[in-house]
Each structure stands twice: as structure tokens, then as C-alpha cells.
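Student: Structure provided below as C-alpha cells; questions to follow.
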Amino acid sequence: MKQGGDWTHTLTSDLADGSYSILAEAVENRYRVPAPVVTFTVDGTPPTTTVTGPVGHVSSTSATFVFSSNEAPNVSYECQLDDETAFTACPASSFSGLSQGLHVLKVRAKDRANNVDASPAEHSWTVDTLLPTTTVTGPVGHVSSDSATFVFSSNEAPNVSYECQLDDETAFTACPAPPVFNELGEGLHVLKVRAKDRANNVDASPAEHSWTVDTLLPTTTVTGPVGHISSDSATFVFSSNEAPNVSYECQLDDETAFTACPAPPVFNEL
Numbered sequence: 001m002k003q004g005g006d007w008t009h010t011l012t013s014d015l016a017d018g019s020y021s022i023l024a025e026a027v028e029n030r031y032r033v034p035a036p037v038v039t040f041t042v043d044g045t046p047p048t049t050t051v052t053g054p055v056g057h058v059s060s061t062s063a064t065f066v067f068s069s070n071e072a073p074n075v076s077y078e079c080q081l082d083d084e085t086a087f088t089a090c091p092a093s094s095f096s097g098l099s100q101g102l103h104v105l106k107v108r109a110k111d112r113a114n115n116v117d118a119s120p121a122e123h124s125w126t127v128d129t130l131l132p133t134t135t136v137t138g139p140v141g142h143v144s145s146d147s148a149t150f151v152f153s154s155n156e157a158p159n160v161s162y163e164c165q166l167d168d169e170t171a172f173t174a175c176p177a178p179p180v181f182n183e184l185g186e187g188l189h190v191l192k193v194r195a196k197d198r199a200n201n202v203d204a205s206p207a208e209h210s211w212t213v214d215t216l217l218p219t220t221t222v223t224g225p226v227g228h229i230s231s232d233s234a235t236f237v238f239s240s241n242e243a244p245n246v247s248y249e250c251q252l253d254d255e256t257a258f259t260a261c262p263a264p265p266v267f268n269e270l
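See the structure below:
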């Protein structure tokens, strides 16, 4: 088609993807007038997209990603966070000020021919910056066993593990499972327990539980009336190597089983 001395031609056939060159020559008064070679590229194939970033539960409200495509570096990227907005140009591969909880980022590459990945890459992770709390229950007071069994709990259970420190002797380490401690020494013991969640947040104020192991038998002494006396009442004094942390049980004349002794230890109407 001729327009104002210029010739135009439209390629109407379907061209496969690839690069093409067109050479045209003008003929004027039997003279060939050379024309520049025109080169163009046909690209009707959408690019593919991949994205990598934070994995699982993380203790940060920021997230940094790496985008890639089979047509890189000749692509740009568009993002959609949590399905809240339409796809827009991605930020500089980082997001900040993220809320607690699950997040989903969708990313699609767009090439220079404006072909867009029809199946965007998708990446999910969970923001968790909250510290878990910890509670512990176990033996109470004085116990006659050198073993102790505990129950741990947390506001984030079951998605936590527990770390223990016994008697301030060592650093916090993974608690035994089940939480049983054996071959404990005599005396007071203090167990500190802290929960650690999947984002590695650790309870800053560990739970603390104390109890006393006492497996040693106490000794007993008794003093009272001696020989023959002219009274039908008798007063005694009891003592023990563990006094005053003992109570006393008595049996009179083998008539009954041992029962709590009277206080004060006086027997009447004998």
C-alpha cells in the first residue's frame, strides 16, 4: 500500500516466536535505493515465575524474597499480598510491618512483550513475634522419692518445645520426654522451665517449681516416767534428728495400730 510516497506492508500470517529481519529496497528510475534492515522479535509466550522467602514460622514482621524467571533479566515482577489487593509492581523484594499470622505472597513475571505469567508463584509463611508463656506442675513440699515427674503447658501448646534448667547447675537444655528426673540428691530442688515456639520465641520469664527430696528415715527418742509411779497419767517428751519437721505416731501397749500421738503427749486414766 502506498501512502504519500511511502510503502507499507502488513504481515498477516501467524509468526512463531523468534527474531525476524526484513530487508526492503526501493526502485526509482531504475535505480535501487537501499533501505535499512528492520529487525523485530515475536514473543507470545508468557514467562514463568519462582519465588523464595521466609519458611514456616518466623519472629520478624519483615520478609525478604528472591524472584526469578526463565526470561530474567528481561522481566519485571508484580505482587499480590494476602489477596488483599490487585497485582501491583513488587517492592524492592521486601515487605515490612506485617501483622501476626499466616501470609501468602503471589508473584508473577511480566516480560517486555507484556506477556504475564498466568499461574503466579505462591509462597506462604507465618509471622509470630509473641513470646509463649509456660506453666509447670510437679511434686509438692517434701517427698520421699528421688524421682520427680512434671507436667508442662503453654498458651501456644502443642506448637512449642520446652527447655529446662535444674538447680541453676546448667544452662537451659531440651527437657526430657516424658519430663521425669531421676536420682535426685537429698534436699531442695528448683526446676525452671521455658517454652519455645515454632518461631524460636522463648518465654522470657520461665516457670519455676521447687520441692524437697527426703528419703532418709528419721530417728526417734522418748523420755517419760520411770519405774513405778503413783499416778494414772503419764507425760512424755518426744524428739527426733529431724525435729521440728516431724510429727509423731504412738502405739500404747500394743493395743492399737500406730496413730497420731496426743499433743501435748500426755496419757490419762491408765
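First residue of the sequence shown: 1, per the numbering used here; consecutive thereafter. Note that CB positions come from ideal geometry on N, CA and C, so glycine has one too.
#1: Report the rounded CA-to-CA distance for K2 versus P36, giving the unit in angstroms.
#2: When every heavy atom of the ligand NAP is checked, does at least one fall within less than 7 Å of the C-beta of P206?
#3: What residues match up with D108 in a beta bridge as DSSP calls it?
#4: Alpha carbon to alpha carbon, how far is G4 from D14?
#5: Note the first and the last residue of the continuous beta strand (DSSP E) segment covering S161.
#6: Give the straight-line distance between the Cα atoms of W125 and V140, rounded to the nearest whole angstrom.
#7: Does G141 come out as helix, strand or coil in the three-state DSSP assignment?
#8: Counting pairs of Cβ atoms below 8 Å between the region 88–100 and the region 166–177, do you hit three or more?
#9: In the structure shown, what three-state DSSP assignment does L102 receive?
#10: For A118, is the classification buried or exposed, using 16 other Cβ atoms within 10 angstroms of its Cβ as the cut-off for buried?
#11: Give the straight-line distance between the Cα atoms of T235 and D253, rounded to the nearest whole angstrom.
#12: Exposed or buried, H228, counting other C-beta atoms within 10 Å across all chains shown (16 or more means buried)?
#13: Hey, P310 and N155: beta-carbon distance below 8 Å or not?
#14: Between the Cα of V107 and those of E242, G53, T129, F258, spot the shortest distance and give me the residue it belongs to.
Tutor: According to the data block:
#1: The predicted model places K2 with a pLDDT of 44, which falls under 50 and marks its position as unreliable, so this point remains unresolved.
#2: In the structure shown, the ligand NAP is absent, as is every other ligand, since no ligand is present at all.
#3: What sits at residue 108 in the sequence shown is Arg, not Asp. According to DSSP, R108 bridges with E78.
#4: In this prediction, G4 scores a pLDDT of 44, lower than 50, which makes its location untrustworthy; the coordinate-derived value is nonetheless stated afterwards. Using only the alpha carbons, I get a separation of about 29 Å.
#5: Here the beta strand (DSSP E) through S161 covers 160–166.
#6: 42 Å
#7: coil
#8: no
#9: strand
#10: With a threshold of 16 other beta carbon atoms within 10 Å, A118 falls short and is exposed.
#11: 16 Å
#12: exposed
#13: Nothing in the structure corresponds to residue 310, since the chain is present only between 1 and 270.
#14: Residue nearest to V107 within the set E242, G53, T129, F258 is G53 (criterion: CA-CA distance).
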